[in-house]
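First the structure, in the form of structure tokens, and then the observations on it.
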Amino acid sequence: MNYKVKTVYGKTNQNKIAVSVPGSKSITARALLLAAVAEGTSTLFNAQFSDDCQTFLNCLKDLGIPAEVHGTTVKITGCGGKLGKKEGRINVGSAGTAARFLPAFLAFQSGKYYLDCSAQMKTRPVAPLISALKSLGAKFTFHGEENCYPFTIEGTSTPASEVTVDITKSSQFLSALLISAACSGKPLKIRPCGSHGLDYVNMTLDMMWSFGITVEEDDGYTINGKYTAKKYDIEPDISAACYFYAANKILGTNITVNGVLPHSMQGDIKFIKLLESFDGGKVDMHEFSDQALTLAAIAPYLKEPTEMCNVAHIRRQECDRISAMVYNLTAMGVKCDEREDGVKIYPSQPKPALIKTFGDHRVAMAFALTGLRADGIEIENAEVCSKTFKNYFDVLTSAISSLTE
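Heads up: the sequence shown begins at 760 in my numbering, then just goes up one per residue.
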């Protein structure tokens, strides 16, 4: 379906309204795996079950992990680090977190497991993680290209005591190893190499602590011990909340998101803080790169040109997000300069255009913001937002209606 954005600039009232967004995708995925590895039954509250997290849970069920879902509450009975099921087949679809976290988990299991994915996921990087898992003792049989999905993984019951992982392309490789290292049954030291923002790794470490493991940090990370089941509250998804704070920036409205606190463990809270004073200029988006598209969508309305840098890695996400920005901004008549690691966007009034989403949920959600202040913006295939925020356009429409009544 296509979504025609309603232009509301200059028509809004000053009412303060609050909206709700799903639980954090990143926290939900980590909590699902932590609960699956723990001993006992955990209860997770405010879990997100859009496409990615539902896929993650389905994979855990296919591996023999018992789980019950009641609305946004899920109960998971963990395996204590060792699966009873010694063989299986799972499909991670387009869920990037599942595609990185589950191979690490299975590398420590005494069994053989076949993993498949969507065509889109086959193009996303996983080789550095596979290399690390091989060095631990896991064996891989590839059913297509080397070091890519699909593959069969045969885990090891006697993993090495140290492993090095290159996180240049994704910090998820490190988070994956950190969570599942508890399955090794002995102390395991993980040494990261390469450069990447560590906000999501710090989130992982905080959550591991909540489930009972303290990680020793020196020239790497040493993990020892077991997780215990617990009741765990999942924060609202700050990535989803950012769209509404970005709308405030260009409309002068007062939308807040329920449950968003300034001390959130999610790195995208930095984007919300940036919006308080940012009106153009150069900004390093590396630590909150999921919001690069959001900033691109509102950049035409800022006072000065906006230059985003240090986000070359977003070219390898659901789509080449830098190219997607440039394509859609150009379609709207907005001048921009594409760089290898970012883009420079010049202030101007966007013209009517059909936004091409490239199958990427963040392209759809971000460029809807542009249309709030420009006539004739239409989002193609708006349903792609179901990957992380199924009812995004319903929430956006309701919020705008409340501000224009």
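Beta carbons: idealized from backbone N, C-alpha and C, even for Gly.
From a predicted model like this one, the values you see are computed outputs, not experimental measurements.
Boundaries (first-last residue) of the alpha helix (DSSP H) holding residue i
| i | result |
| --- | --- |
| residue 890 | 886-895 |
| residue 932 | 931-939 |
| residue 1120 | 1120-1130 |
| residue 789 | 784-796 |
| residue 948 | That residue, residue 948, is in no alpha helix (DSSP H); its beta strand (DSSP E) goes 947-952. |
| residue 767 | Here residue 767 belongs to no alpha helix (DSSP H), and DSSP marks it neither H nor E. |
| residue 857 | 855-866 |
| residue 926 | It is not in any alpha helix (DSSP H) - residue 926 carries neither H nor E in the DSSP assignment. |
| residue 1158 | 1151-1163 |
| residue 804 | Note, residue 804: premise wrong, no alpha helix (DSSP H); beta strand (DSSP E) at 800-804. |
| residue 875 | Not the alpha helix (DSSP H): residue 875 falls in the beta strand (DSSP E), residues 871-875. |
| residue 900 | Not the alpha helix (DSSP H): residue 900 falls in the beta strand (DSSP E), residues 898-901. |
| residue 820 | 810-821 |
Neighbourhood of residue i by C-beta distance below 6 Å, restricted to the same chain and skipping five residues each side
| i | result |
| --- | --- |
| residue 979 | 948, 949, 950 |
| residue 891 | 922, 924 |
| residue 1154 | 778 |
| residue 1151 | 1124, 1144 |
| residue 875 | 850, 909 |
| residue 832 | 804 |
| residue 998 | 1027, 1049 |
For residue j and residue i, believed in contact at Cβ under 8 Å, the rounded distance
| i | j | result |
| --- | --- | --- |
| residue 1049 | residue 1079 | Not really, about 15 Å apart at Cβ, beyond 8 Å. |
| residue 775 | residue 802 | At roughly 33 Å, the Cβ-Cβ gap does not stay under 8 Å, so residue 775 and residue 802 are not in contact. |
| residue 1109 | residue 1091 | 4 Å |
| residue 1025 | residue 783 | 6 Å |
| residue 1128 | residue 1005 | 6 Å |
| residue 1077 | residue 1113 | Wrong, their Cβ atoms sit about 19 Å apart, outside the cutoff. |
| residue 1038 | residue 1063 | 6 Å |
| residue 812 | residue 788 | 6 Å |
| residue 1159 | residue 765 | 6 Å |
| residue 988 | residue 800 | 5 Å |
Opening and closing residue of the beta strand (DSSP E) in which residue i lies
| i | result |
| --- | --- |
| residue 828 | 826-829 |
| residue 1095 | 1095-1098 |
| residue 910 | 910-913 |
| residue 1103 | 1101-1104 |
| residue 716 | Nothing about residue 716 can be reported from this structure: the residues present for the chain run from 760 to 1164 only. |
| residue 778 | 775-778 |
| residue 844 | Segment: none, residue 844 is in no beta strand (DSSP E) and carries neither H nor E. |
| residue 1137 | 1136-1138 |
| residue 834 | 832-836 |
Own chain partners of residue i with C-beta closer than 7 Å, once the 5 adjacent residues on each side are dropped
| i | result |
| --- | --- |
| residue 965 | 1024 |
| residue 814 | 851, 852, 854, 857 |
| residue 927 | 953, 954, 955 |
Cutoff 8 Å; reference residue i; Cβ partners in own chain excluding five residues on either side
| i | result |
| --- | --- |
| residue 820 | 826 |
| residue 894 | 919, 922, 923 |
| residue 1089 | 1095 |
Stretch-stretch touch, CB-based, cutoff 8 Å, three pairs: the stretch 894-902 with the stretch 1032-1049: no
Segments assigned beta strand (DSSP E), at least 3 residues, entirely inside the stretch 1011-1086: 1013-1016, 1040-1043, 1065-1068
At least three beta-carbon pairs within less than 8 Å, the stretch 789-801 to the stretch 816-830: yes
Three or more C-beta pairs below 8 Å linking the stretch 873-883 and the stretch 855-864: yes
Cβ contact (3+ pairs, closer than 8 Å) linking the stretch 912-919 and the stretch 863-882: yes
4 or more residues per run - each alpha helix (DSSP H) lying fully within the stretch 967-1013: 997-1010
The stretch 968-978 touching the stretch 1113-1127, judged by at least three CB pairs closer than 8 Å: no
Segment contact, 8 Å Cβ cut-off, at least three pairs: the stretch 992-1001 with the stretch 1138-1145: no
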